[in-house]
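In what follows, a single structure is set out as structure tokens and then discussed.
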Amino acid sequence: MNKSLKEKLLSSFSDIQIDITEDNKVFINTKKDDVISVLNFLKNLGYKHLALISCTDWIEENEFELVYILSSYMENDTEYRNKEKTNILVKTRIPREKAEFVTLINVFANAEPYERELHELYGIYFEGHPRLTPLFLEREYKIPPFRKDFDTKKYVKEVFDNIPFVKDRKEKK
Amino acid sequence: MRELELYFGPQHLGMVGNFSITLNVEGDRIIKADANPGFLHRGFEKLMEQRTWIQNFPLVCRINVVEPDSMELMYAMGVEKLANIEIPERAEYIRSIYLELARIGSHLFGLWAYANMLGFDTVAQWAMYHRDLILDLFEELTGGRVYHIYILPGGVRRDFPEGFKDKIIKTLHSIGGCVPDYDNIFFNNRIFYKRAKNIGIVTRKEAEEMGGVGQVMRATGMKYDIRKIEPYAAYDKIDWEVPTRKDGDAYSRIWIVRDEMIESVHMIFKLLDKMPQGKVFNKIPNPFKWNIPKGEAYVRCESSRGELGLYMVSNGKDKPYRVHFRTPSYSHGLTILEKALINASIADVGNIMISLYIVAPEIDR
Chain X
58 MNKSLKEKLL
68 SSFSDIQIDI
78 TEDNKVFINT
88 KKDDVISVLN
98 FLKNLGYKHL
108 ALISCTDWIE
118 ENEFELVYIL
128 SSYMENDTEY
138 RNKEKTNILV
148 KTRIPREKAE
158 FVTLINVFAN
168 AEPYERELHE
178 LYGIYFEGHP
188 RLTPLFLERE
198 YKIPPFRKDF
208 DTKKYVKEVF
218 DNIPFVKDRK
228 EKK
Chain B
132 MRELELYFGP
142 QHLGMVGNFS
152 ITLNVEGDRI
162 IKADANPGFL
172 HRGFEKLMEQ
182 RTWIQNFPLV
192 CRINVVEPDS
202 MELMYAMGVE
212 KLANIEIPER
222 AEYIRSIYLE
232 LARIGSHLFG
242 LWAYANMLGF
252 DTVAQWAMYH
262 RDLILDLFEE
272 LTGGRVYHIY
282 ILPGGVRRDF
292 PEGFKDKIIK
302 TLHSIGGCVP
312 DYDNIFFNNR
322 IFYKRAKNIG
332 IVTRKEAEEM
342 GGVGQVMRAT
352 GMKYDIRKIE
362 PYAAYDKIDW
372 EVPTRKDGDA
382 YSRIWIVRDE
392 MIESVHMIFK
402 LLDKMPQGKV
412 FNKIPNPFKW
422 NIPKGEAYVR
432 CESSRGELGL
442 YMVSNGKDKP
452 YRVHFRTPSY
462 SHGLTILEKA
472 LINASIADVG
482 NIMISLYIVA
492 PEIDR
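Heads up: the protein sequence lines correspond to chains X and B, in order. When we follow our numbering, the leftmost residue of the first sequence carries the number 58, and every step to the right adds one. When we follow our numbering, the leftmost residue of the second sequence carries the number 132, and every step to the right adds one.
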């Protein structure tokens with residue numbers, strides 16, 4: 058099952074690296090220009106369920122790794138086949154300095170909040186996204202807080218240590 | 132008619148949980164809905180990058196307040212996959228029983244929220260009482276009522292105490308004996324039918340496009356359940372059915388919740404019958420000096436709300452490099468809800484939201 062998928066992908070795309078593990082996970086590494094067409098190709102093969110868009114900050118290599126996780130819905134309402142067991146992880150790397158990518162909304166509608174989250178927490182700009190407004194956070198941060206160079210302890214010290222204790226305020230009176 | 136903006140939640144009588152929706156309304160009809168999460172954003176995934184593998188267990192269970200156990204399982208399964216740890220057979224059975232108990236507890240909580248919102252206060256009180264009986268079981272097994280920290284990589288923390296099996300059976304019988312009462316007062320009630328039928332319809336096509344899982348998918352007739360698709364723990368060792376409905380509305384989704392609770396009770400009885408003897412925990416390396424090999428893993432399970440996933444990256448150190456939870460409420464609450472609310476009336480907002488089974492802490496993490 059997964060081997061024929063591998064052949065199909067290899068014949069359609071150059072510069073693509075595919076690893077299949079025993080537990081039905083397919084890891085696909087590709088360059089960033091190909092990602093949308095690979096995802097479109099997989100969607101047409103029946104992998105219609107976008108489970109997750111994630112991002113890893115590889116600070117030493119100065120790159121972000123975007124991960125798109127796909128699986129498939131059942132074609133038949135009652136019968137379980139091997140196809141649904143497969144999870145496909147499509148991965149690509151984008152530079153950290155100019156973190157930009159294109160949106161996936163036209164292919165998968167539920168990509169919208171995931172991309173909004175990555176924009177907020179990692180500072181990745183998704184071109185073509187209709188609302189990259191804040192999702193979770195209420196303050197402005199100089200460095201997006203989920204990046205590896207954002208130091209949580211330092212931030213807490215700077216922000217909350219400057220608020221005086223109740224006792225000090227009383228003494229001033 | 133004039134178009135108005137209405138802030139629905141977090142301080143609104145019709146809202147359950149820390150969640151808010153900005154509605155554009157014309158009279159009573161909703162034209163546009165903007166889901167607005169973030170009231171419970173605690174940044175767990177960032178915090179977990181700064182704690183050792185074993186220290187993260189008290190954190191993961193707090194991601195979803197209603198159902199902490201699936202989160203524990205997910206994290207344990209991720210660590211097991213990365214570190215190549217096997218678990219004993221008895222532990223698999225115990226995990227399944229424990230997770231099904233948690234599912235019943237979570238569904239009863241969901242039933243409380245839904246019945247309360249519709250004004251069926253009696254049903255809500257019953258559901259809360261019956262959930263409490265399940266929490267008593269958890270207290271005896273793990274020492275905690277809501278957060279248990281029971282599943283660990285390599286198995287479970289301790290075996291069933293003496294006489295615990297009989298206690299499970301007794302409790303489940305006393306809850307199951309009330310099913311006819313629940314049916315009479317709520318599920319077969321004409322008011323429930325009138326309020327929920329043809330409300331918040333999510334068709335098969337819409338659900339597939341917008342990442343629907345769990346009850347949303349099963350209410351359209353598809354037996355989409357990770358416990359069947361990719362069995363974990365002991366779910367492939369017994370026979371059981373996935374309850375489905377056809378209409379895709381709030382009425383179908385709440386009926387599926389009821390049927391799932393009954394199916395879970397049957398599953399627990401079957402699992403208790405087949406449970407083998409043996410140890411419940413495989414020794415793991417010293418957790419204080421535990422470096423997990425480089426790699427990445429994606430694991431998934433069926434929580435009471437649908438497909439729950441975990442993407443985990445290790446760089447060979449004593450802490451996770453990246454943890455990301457895929458929670459079912461995320462797509463349901465931020466994509467499907469916004470679509471399902473269009474053209475609904477203001478009185479049905481809570482109805483649609485709770486029937487989609489959205490919990491806010493799971494979205495924010």
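Think of the CB as a built atom: it goes at the ideal place given N, C-alpha and C, for glycine as much as any other residue. Note that the coordinates shown come from a computational prediction; the quantities given were computed from them, not determined experimentally.
Report the neighbours of residue i on chain B: residues whose CB is nearer than 7 Å to its CB, in chain order.
i	result
X:A166	E340, M341 and T466
X:Y212	By Cβ distance, chain B contributes nothing, its closest Cβ being about 11 Å from X:Y212, past 7 Å.
X:Y137	K359 and I360
X:N144	Y429
X:P170	Y461, L465 and T466
Based on Cα-Cα distance, which residue from the options lies nearest to residue i?
i	options	result
B:R234	B:L249, B:M341, B:V277 and B:E217	B:V277
B:H463	B:S476, B:Y442, B:V444 and B:V490	B:V490
B:F188	B:S460, B:V454 and B:I369	B:V454
B:L137	B:G148, B:G285, B:L144 and B:I152	B:I152
B:S305	B:F323, B:A327, B:R326 and B:R262	B:R262
X:F121	X:K205, X:S71 and X:A108	X:K205
B:K420	B:A327, B:W184, B:G148 and B:W386	B:W184
B:N155	B:N474, B:I483 and B:E493	B:N474
B:I423	B:Y429, B:I415 and B:V430	B:I415
B:V196	B:F139, B:A327 and B:L171	B:L171
B:K425	B:K405, B:P451, B:G437 and B:Q256	B:P451
B:K368	B:K401, B:G447, B:E337 and B:Y324	B:K401
X:V124	X:V159, X:P221 and X:N86	X:N86
B:D378	B:N329, B:N446, B:A258 and B:G343	B:N329
X:R150	X:D90, X:E172, X:P201 and X:K105	X:D90
Which residues in chain X sit within 7 Å of residue i, going by Cβ to Cβ distance?
i	result
B:S462	N167
B:D495	F193
B:V444	T113
B:R453	T113
Check the Cβ of residue i against every Cβ in chain X and list those closer than 8 Å, keeping chain order.
i	result
B:G169	P191, L192, F193, L194 and E195
B:D380	Residues of chain X passing the Cβ test: none, with the nearest at roughly 18 Å.
B:M392	By Cβ distance, chain X contributes nothing, its closest Cβ being about 22 Å from B:M392, past 8 Å.
B:H172	F193 and L194
B:G352	D134
Residue i versus chain B: which residues are under 8 Å apart at the beta carbon?
i	result
X:H186	In chain order: nothing, as chain B lies at least about 14 Å away.
X:P201	Those do not exist, as X:P201 stays about 11 Å from chain B at its closest Cβ, beyond 8 Å.
Any C-beta of chain B sitting closer than 8 Å to the C-beta of residue i?
i	result
X:V124	yes
X:F158	no
X:D134	yes
X:K100	no
X:T113	yes
X:H106	yes
X:K89	no
X:K82	yes
X:E141	yes
X:L109	yes
Opposite residue i in the DSSP bridges: which residues?
i	result
B:T153	B:Y138 and B:D165
B:R160	B:E157 and B:S476
B:M443	B:A428 and B:V454
X:P152	X:E120
X:H106	X:S128
X:F114	Sequence inspection shows Asp at residue 114 of chain X; the Phe mentioned does not correspond to that position. In the DSSP output, where bridge partners are listed per residue, X:D114 has X:F121.
B:G286	B:L283 and B:F412
X:N86	X:Q74 and X:K148
Would you say residue i reaches chain C, if we count a Cβ-Cβ gap shorter than 8 Å as a contact?
i	result
X:Y130	No chain C is present in this structure, whose protein chains are X and B.
If you measure between the beta carbons of residue i and residue j, is that distance less than 8 Å?
i	j	result
B:I503	B:L268	Shown here, chain B extends from 132 to 496; a query on residue 503 of chain B therefore has no answer.
B:R496	B:I194	yes
X:I126	X:V83	no
B:F295	B:W386	no
B:P219	B:V480	no
X:E169	X:L192	no
B:M108	B:I477	In this structure chain B extends from 132 to 496, so residue 108 of chain B is not present and cannot be described.
X:D134	B:M353	yes
B:I467	B:M348	no
B:I360	X:Y212	no
X:F183	X:H176	yes
B:I216	B:N417	no
B:V147	B:A244	yes
From the beta carbon of residue i, is the nearest beta carbon of chain X less than 8 Å away?
i	result
B:E438	yes
B:Y196	Note on residue identity: the sequence assigns Val, not Tyr, to residue 196 of chain B. No - not a single Cβ of chain X is within 8 Å of the one on B:V196.
B:Q186	no
B:M398	no
For a contact meaning CB atoms closer than 9 Å, what does residue i contact in chain B?
i	result
X:L62	Chain B residues near X:L62: none, gap ~17 Å exceeds 9 Å.
Could you list which residues in chain X have their beta carbon closer than 9 Å to that of residue i, in chain order?
i	result
B:K177	L178, P202, F203, F207 and T209
B:Q181	T209 and K210
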